[in-house]
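Q: Residue numbers (this note's numbering), protein chains in the order written: chain A, 1 to 124; chain B, 1 to 560; chain C, 1 to 227. All C-beta atoms, glycine included, are put in the ideal place defined by N, C-alpha and C.
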Amino acid sequence: MSHDTTHAERAHGGPKIYTLVLVALLILTFITVGASYVKLGSGMANVILALGIATVKGSLVGLFFMHLRYDKPLNALVLLVSLFMLGLFLLSCYTDFETRDPLEPARLKAPVAAPAPAAAHGAH
Amino acid sequence: MADVLAVPLHATHKHDASDNYLTNPRGLKSWLTTVDHKRIGIMYLWAILAAFLIGGVFALLVRIELLTPKTTIMSAETYNKMFSLHGAVMVFLFIIPSIPAALGNFALPLMLGAKDVAFPRLNLLSYYIYVVGAILGITAMVGGGIDTGWTFYTPYSSTTGGAVSLMTFAAFVLGFSSIFTGINFIATIHKLRAPGMTWYQMPLFCWSMYATAVIQVLATPVLGITLLLLIMERTFHIGIFDPKLGGDPVLFQHFFWFYSHPAVYIMIVPGMAIISELIPTFSKKSIFGYKAIGFSSIAIALLGFLVWGHHMFVAGQSQLASTLFSFLTFFVAIPSGVKVFNWLATMYRGSISLETPMLYAISFLLLFSIGGLTGLFLGMMSVDIHLHDTYFVVAHFHYVMMGGTVIAFLGGLHYWWPKMFGRMYNENLGRIACALIFVGFNATFLPQFVLGSRGMPRRYYNYLEQFQPLHQFSTFGSWILGLGLFMVAGNLLASLRKPYDAPRNPWGGRTFEWETQSPPITHNFDFDPVLKHGPYDYRPEKLPPRPGVLSPARPAGGHS
Amino acid sequence: MSESALTAPAPRAPEHSGHDSTLQHHFATHEQQFDASKIGMWLFLGTEILLFGGLFVGYGLMQAAHSEAFVAAHHHLDKRLGFLNTVVLLVSSWTMVMAVHSASKDRRKATVRYLIATLACAAIFLCVKYFEYGHKFHEGLLPGMYYSHKGDAVPNQFIFFSFYFMMTGLHALHILGGMVAMSWVLRKAVRGEFSSTWYTPVDLVGLYWHLVDLIWIYLFPLLYLIS
């Protein structure tokens, strides 16, 4: 393979785009922190917002810094399959967790005694 | 067409064989630092066979203990450790690396027409990680052992004594070895196929290895983190799995089986990979339903991730989750069935020759079918509630793991042995050993189905007297099985003392590895492999009159 | 660590005698070798995602089971330090991608400078983490049975700190591993072993570094900003 074609194929981004992405990432970070001080209806809404912004940031990193936008699609596929598996794992565990009969005492509302400090467990 | 090797060429072939990957370069150091996939495969082979021996001895001891309803030869504590170690050694040290890391490492690049795997040094690293993991595991066995079963269920495992932390750490380390093999195989299959070889011209072995590698890469990391969390729970009482600390023991089972159910497919799919090679080669007939078999491997790999909850029907999992998992479990039967029927259709009207590897392949078909179908009983929630944790389960997974994977492994070992070491083993002894294994295996595990369905729980030290006859039958069977395995070892090892006598292509295979010399040279091929025909092209007009390829009618025996 | 093994497709001989010293014998072309290395690295990153993923799932479910304890416990974390570290890591990702870009354009000096800047960012991150950990140790906000913080209104806060230390600890180990790999690449860069034809190690270590950054992007809101 001639050296030029491979080079051309690998050409990606450029300092200008990278800097723009960095600025966007920093702004999004500010927004996340700012939003954490605002109470959005329920706690869930805050979590969803924070994770949503994190996902946008993650996509920027993946697409530009990790070159997925310019790369062979196979690499992106590997990432997507990994994320899909993670999602599947989370979803299945969560489904079970939320629909299960309460387990004792994991789901007890009454306080479970915290383990005593290190000294008390010296025997272990 | 040349029926047997022509004499002058036979002489040339002998001359060639002395320069091969086994002897060039010589010396222990050249082996320990090798990056040659074939040598790494051979080193893996000896390591896993040693593990198989250790695990097998544990199994025989467990069976002897079960000869009588009360104490026979060991205390209850020792018994608990014996079956735990049998499981842990067989799963983590033997079955998972057996076909991919030993036979796959040797055969996969050859079958693709590649000079090596994509990352040779990573391959060597994976071997040494395996060795470190094995040493840690043995240290754990000697220094306290484990009595948790190979599944390490919490909260028992997070509170019991013994070397549980060390054993789980060993399994954690072994996981990385498995991951690196998987990464290597995926990259190799994507990037190092011979010129002209498209995905649909790859041998089916490679498709299945690809599916296996995908599972290894996606599932093993979760096992890694699970075992780390368990170690943390034991040392720091972090409160994730132990209900006394506010944790959730069922969560451990989710974590564990998210890996360990797909891991069942890490074990069985490579077995199917070998069968897909053996059946067309010894039926001298093109594989029936190439794409169906290829894609069923991928389907099994993906479906394997959706069914783990069927291990937890009686563990406190929610009704909804159990129902979903039970429903999904049945889907796995479809691709498995597709494979079995396609193999049978391949054999139909083929000119079948019953050499040792083919006998193993036929045994596989019978035993795996029993193992697979009894799996459906267990996937059915209402039945599983009765059969859960009984000998029925034990018999079921031994039919799949041993009747499936180990039998296929032995078939593959006999198939590639001439290529690996350049020697033919004694064919008749090989057949007798296979028959002994088949008989011994069924004698050992068929009674266990009956025991389980009558309510004999697994892992129990004492049992009711009414179960004794079946237990004794099973133990006698295990001796026949052990005898058969020792015969295999003796037969194969004895062949190593002979001079090189294996032709390039003793079985008339059509894949690349049979076109190079036996054993191959260090860089695999003395020619540039370019694909000229499909992997299972047995049309008579396509078979070249090349010495070493035997006629489809009657492959010459007489190698004894 | 493992990542340095993955980036192994490097020449054995340190001398850089043109095209072929960087092409391993079993590859036909540079492109094939580069693509293979890249897919290998991505697969490794996939395993990293699932490794951390296990912790994320555990965190999510334990958070659901002990939400009051988790919310109470996270107030012990300093948002400002977490924010500072996020900025540091984002900047380091930028310097890393600039290093890769410079290497691909044969700019050796710039490559070296950007790599050093990235290493410096990593060091700052670990310093900040060191002070954060020191503070937690001082207060007795430790995982599991070592938790000794007094006067908690909500029980079970030790579970949060178990996860806090496991997640940030594993992440910090990855930062350390990244620094080792980066130093190795830096040495090669100083020696002028890279060229626009072959700069695979810079690219692969870069990918790894961005993943470490990406994981932190999720860790930061989950640990520091839950409410």
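For residue 66(A) and chain C, any beta-carbon pair shorter than 8 angstroms?
A: Interface residue, yes.
Q: Check whether chain B comes within 8 angstroms of residue 129(A), counting only Cβ atoms and requiring the distance to be less than that.
A: What is shown of chain A runs 1 to 124, which leaves residue 129(A) out entirely.
Q: Go ahead and label residue 44(A) buried or exposed: buried means 16 or more other beta carbons lie within 10 angstroms of its beta carbon, across all protein chains shown.
A: Residue 44(A) is exposed by the Cβ-count criterion.
Q: For residue 21(A), would you say it is in contact with chain B, using Cβ-to-Cβ distances shorter than 8 angstroms as the test?
A: So no, residue 21(A) is outside the interface.
Q: Quick one: does residue 143(C) have its CB under 8 angstroms from some CB of chain B?
A: Yes, residue 143(C) lies at the interface with chain B (some Cβ there is under 8 angstroms from its Cβ).
Q: Is residue 404(B) closer than 8 angstroms to residue 268(B) when the C-beta atoms are compared?
A: Yes. Within cutoff.
Q: Distance, Cα to Cα, residue 552(B) vs residue 514(B)?
A: Low per-residue confidence applies at residue 552(B): pLDDT is 47, beneath 50, and the placement is therefore not dependable enough to give any value.
Q: Could you have a look at residue 71(B) and say whether DSSP puts it in helix, strand or coil?
A: Three-state DSSP puts residue 71(B) in coil, outside helix and strand.
Q: CB-CB under 7 angstroms to residue 475(B), same chain, minus the five flanking residues each way: which ones, in chain order?
A: Excluding residues within five positions, the ones whose Cβ falls inside 7 angstroms are 63, 64, 66 and 67.
Q: If you draw a straight line from the alpha carbon of residue 558(B) to that of residue 111(B), how long is it in whole angstroms?
A: With a pLDDT of 40 at residue 558(B), under the threshold of 50, the modelled position of this residue cannot be trusted; read the value that follows with caution. Going by the C-alpha atoms only, they are around 27 angstroms apart.
Q: Run through chain C and tell me which residues come within less than 8 angstroms of residue 236(B), C-beta to C-beta.
A: Per Cβ cutoff of 8 angstroms: 143, 144, 145, 146 and 162.
Q: Would you be able to state if there are at least three C-beta pairs under 8 angstroms between the segment 399-416 of chain B and the segment 360-370 of chain B?
A: Taking 8 angstroms as the limit for Cβ pairs, the verdict is that the segment 399-416 of chain B does touch the segment 360-370 of chain B.
Q: Of all the CB atoms in chain B, is at least one closer than 8 angstroms to the CB of residue 96(A)?
A: Closer than 8 angstroms to some Cβ of chain B, the Cβ of residue 96(A) qualifies, so yes.
Q: Taking 8 angstroms as the threshold, find out whether the segment 116-125 of chain C comes into contact with the segment 88-106 of chain C through three or more Cβ pairs.
A: Yes, they touch.
Q: Residue ranges of each alpha helix (DSSP H) run of no fewer than 4 residues wholly in the segment 116-188 of chain B, ordered along the chain?
A: Runs of the alpha helix (DSSP H) inside the segment 116-188 of chain B: 120-142 and 156-159.
Q: Between which two residues does the alpha helix (DSSP H) holding residue 401(B) run?
A: Careful: residue 401(B) lies outside any alpha helix (DSSP H) and carries neither H nor E.
Q: Please report how far the alpha carbon of residue 106(B) lies from the alpha carbon of residue 85(A), in whole angstroms.
A: Rounded to the nearest angstrom, the two C-alpha atoms are 30 angstroms apart.
Q: Taking the CB atoms as reference points, tell me whether residue 438(B) and residue 496(B) lie closer together than 8 angstroms.
A: No, they are not a contact pair.
Q: Give a yes or no on whether the minimum CB-CB distance between residue 70(C) and chain B is below 8 angstroms.
A: Not one chain B Cβ lies under 8 angstroms of residue 70(C).
Q: Identify every run of the alpha helix (DSSP H) within the segment 474-516 of chain B, keeping only runs that are complete inside it and at least 4 residues long; order them along the chain.
A: List check, alpha helix (DSSP H) in window: nothing returned.
Q: Quick one: give me the first and last residue of the alpha helix (DSSP H) that residue 568(B) is part of.
A: What is shown of chain B runs 1 to 560, which leaves residue 568(B) out entirely.
Q: Could you tell me the boundaries of the alpha helix (DSSP H) in which residue 47(C) lies?
A: Segment 30-65, the alpha helix (DSSP H) holding residue 47(C).
Q: Need the endpoints of the alpha helix (DSSP H) that residue 96(A) sits in, please.
A: Residues 73-99.
Q: Confirm, please, whether the CB-CB distance from residue 205(C) to residue 185(C) is below 8 angstroms.
A: Against a cut-off of 8 angstroms, the Cβ pair of residue 205(C) and residue 185(C) comes out as a contact.
Q: Report yes or no: do three or more beta-carbon pairs, one from the segment 514-531 of chain B and one from the segment 109-123 of chain B, lie closer than 8 angstroms?
A: The segment 514-531 of chain B is in contact with the segment 109-123 of chain B.
Q: Would you mind telling me which residues of chain C sit closer than 9 angstroms to residue 85(A), beta carbon to beta carbon, in chain order?
A: Residues of chain C passing the Cβ test: 46, 49, 50 and 53.
Q: Going by C-alpha to C-alpha distance, which of 533(B), 534(B), 529(B) and 539(B) sits closest to residue 195(B)?
A: Nearest C-alpha to residue 195(B): 529(B).
Q: Please state whether the Cβ-Cβ distance between residue 74(C) and residue 160(C) is less than 8 angstroms.
A: Yes; because the gap between Cβ atoms is below 8 angstroms, this pair is in contact.
Q: Within 8 angstroms, do at least three Cβ pairs link the segment 156-165 of chain B to the segment 257-267 of chain B?
A: Segments in contact, no.
Q: Taking any Cβ of chain A, which residues in the segment 373-401 of chain B have a Cβ under 7 angstroms from it, in chain order?
A: Those residues of the segment 373-401 of chain B that come within reach of chain A (Cβ to Cβ, closer than 7 angstroms) do not exist; the list is empty.
Q: Any idea what DSSP makes of residue 390(B), helix, strand or coil?
A: Reduced to three states, the DSSP call for residue 390(B) is strand.
Q: Is the segment 100-109 of chain C touching the segment 51-62 of chain C, taking contact as three or more C-beta pairs under 8 angstroms?
A: No: fewer than three Cβ pairs fall under 8 angstroms.
Q: Just how far apart, CA to CA, sit residue 388(B) and residue 533(B)?
A: If you take the alpha carbons of residue 388(B) and residue 533(B), they lie about 49 angstroms apart.
Q: Since residue 457(B) sits in a beta bridge, which residues does DSSP pair it with?
A: Per DSSP, 390(B).
Q: Inspect the beta-carbon positions of residue 408(B) and residue 360(B) and report whether they are closer than 8 angstroms.
A: The answer is yes: Cβ separation under 8 angstroms.
Q: Give a yes or no on whether 8 angstroms exceeds the smallest Cβ distance from residue 222(B) to chain A.
A: Answer yes: the Cβ-Cβ gap between residue 222(B) and chain A drops below 8 angstroms somewhere.
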